[in-house]
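If you count by mature numbering (1 follows the signal peptide of the UniProt record, and there is no 0), then the sequence shown holds residues -24 to -1, 1 to 1767, one letter each, in order.
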Amino acid sequence: MRPSHSVAQCALVLCFLFPSSVEHEPPEEDVCNERSCYPATGNLLIGRKKSLSATSTCGLHGRQRYCIVSHLEEQTKCFYCDSRTEWKPNREPYKLSHRIENVVSESYEDRNRNWWQSENGVQNVSIRLDLEAEFHFTHLIITFKSFRPAAMIIERSADYAKTWTPYRYFAYDCQNTFPNIPERPPKKHTDVICTRRYSDVAPSTGGELVYKVISPHIPTENPYADEIANLLKVTNIRINFTKLHTLGDDLLDYRPEIDEKYYYAIYELVVRGSCSCYGHAQRCIPMDNAARVSVPYRADMVHGRCECTHNTKGLNCEQCMDFFNDLPWRPAIGDDSNECKRCECNGHAARCHFDRAVYQASGFVSGGVCDECLHNTQGKNCEQCKPYFYRNPDRPITDPYVCLPCKCDKTGSLNDGICEGEEDSERGLVAGKCYCKSNVEGPWCDHCKNGFWKLTADDPNGCRPCSCDLLGSFNNEGCNKQTGECLCKQLVTGDACDKCLPEHYGLSDDLYGCKPCDCDLGGSVDNHCDVITGQCKCRRNFSGRRCDTAESAYYCPSINHYTLEAEEAEITDGQIEFRELPVFVRDHTWTGDGFVRASEHTQLVFKIDNLAQSMHYNIIIKYEPMQDDIGWENIQLTVVRPTDPSVDGVCKNLSPSDDFLTAKFHPNSGYVEVVPDVCLEADVPYEILVQMGEKRTKVSDRTATVLIDSIVLVPPTEELFISQGISADNHHRVEYERSQCRTQQLSLTPISDLPDVCVRYICPVAAMLLNRSLECECDATGSRSGICSGKGGQCDCKPNVIGRRCDRCAVGTYGFGPSGCTSCECDSVGSLNNNCNRQSGQCSCRERGITGRQCNQCQPGFWSFPDCRVCQCNDHASICDQKTGACIDCLDLTDGYYCDHCKDGYYGDPRLGINLSCKPCPCPGGLDSGFQHADTCYLRPSEHSEAPDVVCNCRIGYTGERCSSCAVNHWGNPNELGGTCEPCECNGNIDVNVEGSCDPVTGDCIKCLHNTEGAQCEDCMEGYYGDAKIRSCQKCVCNDLGTNRTAGACDRVTGQCPCLPNVIGIACDLCAVHHFDLASGKGCEPCKCDPTGVILSDDGMSQLQCNELDGRCYCKPGRGGRTCSDCEDYHWGDPATGECRKCECDRIGSATQQCDRNNGSCICLPGSGGPLCNMCARGYTGQWPRCQACGECFQNWDEIIQDLRNQVEALIETAKNVEDTGVASVYDNEFEKMENSLLDLKTQLESANITRRNVIGLQNEIDKLRQNINLKKELLNSVGGRITEISSNVDGADLELKSLVEEADRLTEKSQAFQENATLLRVTDVQGAYNITRESAEKSSAAKLRTDQADLKITSAESSRQEAIQLLDNNQLDFEKQFSENEMALVRIDKQLANFETVLPMLNRDVCGAESAPCDQLCGGPGSCGHCGGRSCLSGSVSKAEMAKKFADEADQKLNEKQKEAEEVLGRIREILQQTFITKNKAKDGHDIAEAAARQANQTRASLEEILDQMKEFIDNNQRSSPEQIRALAEEIKMAKISLTSDQIEELADQVRERLLNINNIDIILNETRGNKTIAEALQKSAELASMRAAEIRNTTTVVRQALQRAGTAQEVAKGAIKNATEQVMDARNDLNSATDELRLVEISTAKTNETLVKLESAMKDINVQYLSISEDTKYAYEAADKAIRQAEFAEVASEQLEVSFEKAKELLSSQNIGNELPQARAEELRKRATQLLHKTQRHRSDISQLSANMDAFDVRLADYNRELSELHSRIDTVTTQVHKQIEYYSTCDI
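Okay, here's the thing in structure tokens:
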């Protein structure tokens, strides 16, 4: 099968362009692997002489004569040809044979020895090559022996000469020979055109004709295109010669002899190509035997059979091999081999064919179809099994036995037993699967489905249905599949096996059919459940299928649910001890906030009234394990019942003696279980009395104590399980007891550490105990969420929050709020313990001198806790910083650590003893004057008066003693209102130390540096560019050749030089694109390259850029000239038409071989002339090239004649214009010249008219000028001396500048030389000029850089010198003044030092204990002695200080020991105030259930009225609150009449305290939560919650009363203190008057008076401290009163809401008062003891201070003076040395 079309191979296209020198050598590697490949090209005629034929051959039928026209000089003109035999050399007649096979050269030597020749005079002759196969033809070459034909055609055939197509027409005259064929260059490879080339008469022999199928001059976009392939593909080639070249004599004479010289003769014919393999073979092989008969074998011939690869076959690889038809045959193209693909038949077929429809349906992926599939397969790939066969999934598809016959039972299957043929999980297909009837199943459809029986072939459904339930029948079969009988599962019953057994549910296909209910023994009512879902009947608030979990927001309490805390019981003769939470949970062995420390005869009364079930309970007493081996032997318990037990209850047989019990504490245990148990009824209030007897029987021990935690009521284990009716089955109870669940929970084992069995039994036991689960009720403030743990009910508490409900702060924390609680952090020294008020966080301070929430501060007026020293503020402040002692809020315009200096802006000396008050600084106008220019000032001793001078510390930019002037390089008017001195804004381009760098009035910059200029030095100087604001101005670098110097300087910002036309670049050093000749100095000229004549660039575009030096364009072959628009060099003509002729200038007579490119005329040397410079020129004579000039005569006459000729031509041209311009215009120029001459003459004559008066005036002027000249001469003589003096100074400057001037001269000379050389080179050598110019530019840039650097160095040196001089001038006076002051200070210090040395022995005695100087051998001394004091020197202050320190350390230790005791005492006191705020939140929860509060609150009216009277008295005394406000508080409390039991109030008390704070939004919160399930259920407990709210409000009133009492007490104390202070002041005044009256008396009276004054001063300070303390107490009292008023208002609103909402409350809660007198007494005692110890410590320290004050002060002052003096001397010496060095350096440096 031959392809319908083919694709040309790119390799073949390139082969004829670049023929291979090795044509027959086989490749070394397989180049066809995964890509296209092509055979080598060669001469297709080699080995194919027999395939050549010609229609006319000379001498073929007999001897024939012919002649040669070109043999003009040879004697023999005619010859004979005889082609009846083959040609053989050197023998006749063989060498006369000119057959067609002679055109095939066997060797290079034979090329011109033989040839083919046609018959004489035959015009139409054709040569034909018939190839045995399809070949690719690339080009042919014909070498003619005769003239080339006047016309000929080259044709091809690709179908073995059936049809012919022309390649190309050749003719000397195309238009007449082939009139319908266009004559032009081809534009495409397929263009059929006629060309005159190769058809000229010349040469007469040896002319060639070359034809290339693919022209290299035509771009080939796609070498694989079909049109290219059709051009190359041939089976036959024919060359038709249609016209001979003749001399015309054949038209005049018809004799045969005339035609003997006209014939076609060819030396050699070369037809190059390769065998056509469509890219599937890299070489070709000989043909088979049948074809080899006509084409004999030659080793170097191009064979016609392809050696196919890529699974192809055929003569030209035009077919796919058998069984390789999966893809259509295609030629190989480039890197795509298009290999024929093997058909995939899975080994079940041996043949296949290509189906295009299948190929298209597969998405052009596969088109092979297998033929005659075997092994029971079918499909296009034999991939399917035939019907009634299926594919074995365990065998591969290639297995011969992959298809197995179906095994379906025809009785139970459909479609006569056909099965599924393949496996496909995605489609749900299973190989071999049978399609059963509706009631039949099994892999082979051979048995009935479950629920059906009796399989028969006649039944269309296969089987009959059963009457049994499938789920309940045995094996889920429904019935016996043969008999139809029902058989039930083990837990299923019913005739049809359709019901579960009792206490079972969920009929299913399980093995037993149903599942047991397994209802929870505690959470469910019984063990019956829903038969479908298995849901058990749950008790209240239990959920889950088994009722084994609490509902959401509910929990199962643990067995110790009924826990009664000892600290909440009524205590007689016992103390509460609080405990902070331990770090690890496992160390938390108690409940509540702590313990009760009980001793012998302590009694605890526990109350409980919320038992859920009537049953027997064990009383568990929990206590702290004791460390001894005795325990506690005598403990009595009594159960107090309000009434007798119910006659029909579980306690009906109870006897009175059963309520009296005894117990004993074991030493190593944490609890004791009292036996026997007691019977208690539900909802009955009980009191349990615990009486502590003797620790040891009959042995009294008053010191014996024990810590009791709580009591717990727990039913006996057997009682719990028997109550559930499961006594017969002890499995649950045994498992519960074996795991010791009861013991572990009573021991407070965390739930996370409990065994799984115990965790599982928490909910069942809770259900037995309470008959329900409980609501979480997590406190919204203290918990992170409202959901608690389902086991135990613990809520997720915030930091430092405790309690199951997260409703209170832990011990040692306070501030219950949204963020949790905050640690008290009470100071260990200042507080009694770490317990603080849970509301305010106030710790219990040890003594009155300590204050602060944490007891870590001193009272106002003192500092340095805990020593609390008096503030030292020079009487300008009353308080100071608690830690540093720095004074706070200094008065009298003072400031500083001790209020010892004036504030900024003021001057004076406010220290005690000096008392110079602070006054505003006059700099110059003073503060608030509008022109103050200093922030501080100071006093300086005056040299002219005793009063010191005020010196201002001027702000930056101001100067002068009063800052009344602007500093250097600042401008403005500082002495006017609002006037300022602003720095000169010069962008950093002036020397700020050089005076006059800017204008002091306007601020304009004057002395700009760094090559800048402008009012603010904001611009670069002309000739410089850059950014002046960043000091980057640099000199412009402009290329002289490209810069337009008349256009100004460069751009001041970018540095862009003004360029000449067509010049670019910052420095104008480049020509624009497509321009050249920068060296001309006039700009660059355009290249003007011809786009059609230049070469192509890398991107395929015309290269229009020329050489930048000479402007020559880059021409392609055949083009020349500078712009490539002419013919190539040494040629002339029009290159656009392709007619370029070679110049024929004579080498002797022409100046150059290049002729005129338009007409071909040559440029001749002198003497030569003519178009080709091969004759003598005009004016010369003789025989060329020996031409001689005609002489001077001829030359002269020739010049005259030429001038006349030019004039005549000009006149002719003028005459031509007369018609347009007229005759006058011809002489316009002459007329204008004449008029101008006349005007000049007239002007001169007029200016020469001078009168006598003019002459006299001129003479007077001359006299005056002479007098002036004489005066100027005298002045000149006087100035001469000055000039001489100045000249001497200038000489010095000249010497300094000499080196720079010489350097500049050298640079100038070099620059001029460079310029001259550049000009010279530009004219002579363009390339050299360019190189030298470039080097000069580089040298010039380097020289400029060196010059700029030198300028910068000079500028920097000058600036530094000015700075040094300015520094010396500015500070000279200060230096001298400072030196004088230092000298005076040194004299004073010397005097003081001499005085110190005289008192040093006495000071040493007071400090170190021995009167000696400077060091004592035993006691040492101060300073460098190495030690001071000792055991034998106790009289010294150092030894006393060490003893005092020891005493202070002991006192601190005792204070720390007492702190812990005080913490426990103050715990309850601080909790009282917190309850007031918590009550507010609790009142909110009682909104829906406090209906009867109004009626019951009347009982508390009497007590509230008493409180109101106290409040009224307090407020009247302080003039703070009105009686109406206090009464509002009372009314609020009166209205709160709520009935609750005491135990219920204890449980909810903490919730009320927190929520009362937010009482304002109670309506909103209640409305939002009214629909909540938890609130809804809480409404059922209205009586309980109402009682709870009343109790909280009652607590509020108690707290308010106590707060008012404390406020009244504090006020009384304050009044007393004020009264005492007043009396003391009056006494002091009396004493002072007495002392004044007795001033004349003896000195004793004076001394007494002074002593009295000292005491009065001390008393006044004490009074001041007491007054500040009283002020703080009064403030606290006012705040407490305000809080009470606000609480009363809140309570009133809450009472009104409760009164409207509820009117059915029945009981009133009895008040509970917590006594706190005992803790207060203990705290007061501890405070007194701590105060005494502190006072003692302070006395010791006062003694130490008095003894060492003088010596310490002297040592410090002496050391300071010595150090200051040394520093000043060192600084003066250093500064002076540096200044002199700088002056010397900058004055003598080379600038």
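Cβ coordinates follow ideal geometry from the N, Cα and C atoms, glycine included.
Would you tell me roughly how many angstroms separate the C-alpha atoms of residue i and residue j, rounded to the nearest one?
i: residue 305; j: residue 187; result: 32 Å
i: residue 357; j: residue 405; result: 20 Å
i: residue 98; j: residue 239; result: 7 Å
i: residue 153; j: residue 1056; result: 57 Å
i: residue 1042; j: residue 1017; result: 13 Å
i: residue 1015; j: residue 1045; result: 6 Å
i: residue 33; j: residue 170; result: 27 Å
i: residue 818; j: residue 534; result: 36 Å
i: residue 1768; j: residue 94; result: There is simply no residue 1768 to check, as the chain begins at -24 and stops at 1767 in what is shown.
i: residue 312; j: residue 15; result: 17 Å
i: residue 219; j: residue 172; result: 13 Å
i: residue 772; j: residue 784; result: 13 Å
I'd like the span of the beta strand (DSSP E) that includes residue i, first residue to last.
i: residue 381; result: 379 to 381
i: residue 743; result: No beta strand (DSSP E) contains residue 743, which is instead part of the alpha helix (DSSP H) from 738 to 746.
i: residue 117; result: 101 to 120
i: residue 205; result: Counting along the chain, residue 205 falls outside any beta strand (DSSP E), though it belongs to the alpha helix (DSSP H) covering 202 to 208.
Helix, strand or coil: how does DSSP classify residue i here?
i: residue 26; result: helix
i: residue 411; result: coil
i: residue 1178; result: helix
i: residue 871; result: strand
i: residue 304; result: coil
i: residue 570; result: strand
i: residue 1173; result: helix
i: residue 393; result: helix
On the criterion of 16 or more Cβ atoms from any shown chain inside 10 Å, does residue i qualify as buried, or is it exposed?
i: residue 1462; result: Here the model assigns residue 1462 a pLDDT of 48, short of 50, so the residue's position is not dependable, and the following value carries that caveat. Result: buried.
i: residue 668; result: buried
i: residue 74; result: buried
i: residue 923; result: exposed
i: residue 1560; result: Its pLDDT being 49, under 50, residue 1560 is placed unreliably in this model, and the coordinates cannot settle the point.
From what residue to what residue does the alpha helix (DSSP H) around residue i run?
i: residue 707; result: 707 to 714
i: residue 150; result: 150 to 153
i: residue 334; result: 332 to 337
i: residue 719; result: 717 to 722
- prompt: Does the segment 408 to 416 touch the segment 434 to 451, meaning 3 or more C-beta pairs lie closer than 8 Å?
  reply: Segments in contact, yes.
- prompt: Does the segment 277 to 289 touch the segment 6 to 15, meaning 3 or more C-beta pairs lie closer than 8 Å?
  reply: Contact holds: three or more Cβ-Cβ distances are below 8 Å.
field: contact_flag[the segment 631 to 645, the segment 558 to 577] where n(CB pairs < 8 Å) is 3 or more
entry: Inter-segment contact for the segment 631 to 645 and the segment 558 to 577 is absent: fewer than three beta-carbon pairs are separated by less than 8 Å.
query: With contact counted as at least three CB pairs below 8 Å, one residue from each stretch, are the segment 80 to 96 and the segment 242 to 260 in contact?
result: Segments in contact, yes.
message: Within 8 Å, do at least three Cβ pairs link the segment 333 to 349 to the segment 376 to 383?
response: In this structure the segment 376 to 383 does not touch the segment 333 to 349; the number of beta carbon pairs closer than 8 Å is below three.
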